[in-house]
Amino acid sequence: MGKPKRNVLAAAEESATPPDELTDSQSVARVVKAEGNNLYMCALPNTKTIVVELEPRFRNTIWIKRGGYVLVDLASADERPANSRVVGEIVNVVRDEKAWRKQPYWSVALLSGRLAMD
């Protein structure tokens, strides 16, 4: 079997480390289901479900499973047509959940009980 391409390794490396802080338009969300063609239905911390698109650098390199966590950016919604059901973009995929849970923005969402989907 051949070596993986560099862009696969770069995308995997980027998603391994969580950002220090989130912008106002970013939020950690839980994947509810795959909608197809790089579209995913996600639940935001306020329990609202939205459809987001996977960023092109992660396509065919990082696979997202149902129930996993992703970092969504809703700022890209301004650039989309008004009749589009896609309201944001997945900018990072939570792979090392243990490292992400140590971040202050994660504990705030969990303490309010908004990310738990049991």
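According to full-length UniProt numbering, the sequence shown holds residues 1 to 118 in order. We treat Cβ as the ideally placed atom computed from N, Cα and C, and that holds for glycine.
Legend entry - Candidates D20, Y105, R95, of which the one nearest F58 by Cα: If you compare the alpha carbons of D20, Y105, R95 with that of F58, the shortest gap goes to R95.
Legend entry - E89, enclosing beta strand (DSSP E) - first and last residue: Counting along the chain, E89 sits inside the beta strand (DSSP E) bounded by residues 86-93.
Inset, instruction - Look at the Cβ atom of L71, then the Cβ atom of I90, and state whether they are nearer than 9 Å. - result: Their beta carbons are under 9 Å apart, which means L71 touches I90 by this criterion.
Legend entry - With 16 other Cβ atoms within 10 Å as the buried cut-off, status of W63: Within a 10 Å sphere around the beta-carbon of W63 sit fewer than 16 other beta-carbons, which makes this residue exposed.
Inset, instruction - In angstroms with no decimal places, state the Cα-to-Cα distance between S15 and W106. - result: Going from the Cα of S15 to the Cα of W106 covers about 16 Å.
Inset, instruction - Kindly indicate which three-state DSSP category E14 falls into: helix, strand or coil? - result: DSSP, reduced to helix, strand and coil, places E14 within a helical segment of the structure shown.
Legend entry - For A29, the first and last residue of its enclosing beta strand (DSSP E): Here the beta strand (DSSP E) through A29 covers 26-36.
Legend entry - Helix, strand or coil at A99 according to DSSP, with G and I counted as helix: Correct three-state label for A99: helix.
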